[in-house]
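Participant: First the structure, then my questions, so here it is.
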Amino acid sequence: MIISLWRVPVGELPRWPLPSRARPWVVRRRATVVTFWVDYRPGGVLAYREFLIAQVVRHGRRLAATTVAAWVDDERSLAGGRALWGIPKELGAITVHADGRSARGELTAPGTPVVRFTYRDMLRLPCRLPARGHLVQQLSDGAQCRVPMRISGRPALGRGRVTTGSEDPLSVLGRHRPLLSLALRDFRGVVGG
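Quick note on numbering that gives the first Met the number 0: the sequence shown kicks off at 0 and runs consecutively.
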C-alpha cells in the first residue's frame, strides 16, 4: 500500500460530492486529500488492486475522511464497496509493481486520463505501526454510514509522485507534490468491522 497526503489549495479542489453535513477540512486555505494505491493479495477476503482518493472532512465536531473517487479491478469489490459503504468505486485496469524499495503503478479507466504513480523509500521504520480511522459515506438511498477502519503494517517514509492528464479533475494531484508519502508493507486491514 502506498499512501500519500496532499495539501491542496481550496480553489484547485475538484467539486467532489461530499455527504451532507460534511465540509472540507481547511487550514490556511488548503484542504487535505489522501491517496491510496493498494495491492490486496491472496489471503484476504478478495485479491484485487485499487486506487482510492479520500478527502479529509469535518463531520460534526470530528474529523473523518470521505472517499471521493475510487477505482478497482474487481467487480465484486466494486459491488460490495458501493452497496455496503457507499464508496463510489468504478472499474479500471490497475497495475502496481513493487520491489524492495520502490513502487510504481498505473490506472486506466473509461472517461479518465491515465494516472501513474511512482514511489521510492527514503527511511524504513523498524516497527509495525497500527492506525485507526473512519470514513463518512453517503449510501445510494441518501442515508449516511460511518465506516470504521483499522490497519497495521511495516511503514517506510518515502517520496511519491502522481502524473495525470492536464485537463482531468485528477490533474490537481499532478500539479502538486505530496506533503508525505509512505509505503505500508505486509499490511493487515479491516474495513467496516
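Heads up, the beta-carbon is just placed ideally off N, CA and C, and yes, glycines get one too.
1) Quick check: V114 and V67, are their CB atoms within less than 9 Å of each other?
2) Checking 9 Å against the spacing of the C-beta atoms, do V37 and L17 come in under that value?
3) Under 8 Å Cβ to Cβ from A69, same chain only, skipping five residues before and after it: list those, please.
4) Taking L181 as the reference, which of S76, M121, D72, A82 has the closest Cα?
5) Using 9 Å as the threshold, is the C-beta distance between L128 and G152 below it?
6) Suppose contacts are defined by Cβ-Cβ distances below 9 Å. Is L12 in contact with V32 by that definition?
7) Please return the same chain residues whose Cβ sits closer than 8 Å to the Cβ of L134, not counting the five positions on each side in sequence.
8) Thinking just about the alpha-carbon of each residue, which of Q136, R28, A142 is nearest to the one in G191?
9) What are the start and end residues of the beta strand (DSSP E) that includes W24?
10) Give every residue of the same chain whose Cβ lies closer than 6 Å to the Cβ of S76, excluding the five residues on either side of it in the sequence, and list them in chain order.
11) Just list the residues that DSSP pairs H175 with in beta bridges.
12) Can you give me the Cβ contacts of R29 inside the same chain, cut-off strictly under 8 Å, excluding the 5 residues immediately before and after it?
13) Please go through the same chain and pick out, in chain order, the residues whose beta-carbon is closer than 8 Å to the beta-carbon of E74, but skip the five residues on each side of it.
14) Secondary structure at L181, three-state DSSP: helix, strand or coil?
15) Is the beta carbon of V55 sitting closer than 9 Å to the one on W15?
16) Scan the region 40-85 and note each continuous beta strand (DSSP E) run of 3 residues or more that stays entirely inside, going in chain order.
17) When the distance is taken between beta carbons, is L169 closer than 9 Å to P109?
Facilitator: By the coordinates alone:
1) No, these two residues do not count as a Cβ contact at 9 Å.
2) For the 9 Å CB-CB criterion, V37 and L17 do not form a contact.
3) For A69, where only same-chain residues beyond five positions count, the Cβ hits under 8 Å are E49, F50, L51, I52, G80, I86, P87, K88, E89.
4) Out of S76, M121, D72, A82, M121 has the C-alpha closest to the C-alpha of L181.
5) Result yes, Cβ atoms of L128 and G152 sit closer than 9 Å.
6) Here L12 is near V32, since their CB atoms are less than 9 Å apart.
7) Listed in chain order, the non-local C-beta contacts of L134 below 8 Å within the same chain comprise A53, A63, A64, T65, T66, W84, I86, R145, V146, M148, local neighbours out to five positions each way being set aside.
8) Among Q136, R28, A142, the Cα nearest to that of G191 is on Q136.
9) Unbroken run through W24: none, as it is neither H nor E.
10) Closer than 6 Å at Cβ, skipping near neighbours: L45, Y47.
11) Paired residue(s): none; H175 is not in a bridge.
12) Scanning its chain for C-beta atoms nearer than 8 Å, with the 5 sequence neighbours on each side dropped, one finds around R29 the residues R6, V7, P8, V9, in chain order.
13) Excluding five sequence positions before and after E74, the CB atoms of its chain that fall closer than 8 Å to its own CB belong to L90, given in chain order.
14) Note: L181 maps to strand in three-state DSSP.
15) No, they are not a contact pair.
16) As far as the region 40-85 is concerned, its whole beta strand (DSSP E) runs of at least 3 residues are 47-58, 61-71.
17) Taking 9 Å as the Cβ cut-off, P109 and L169 do not qualify as a contacting pair.
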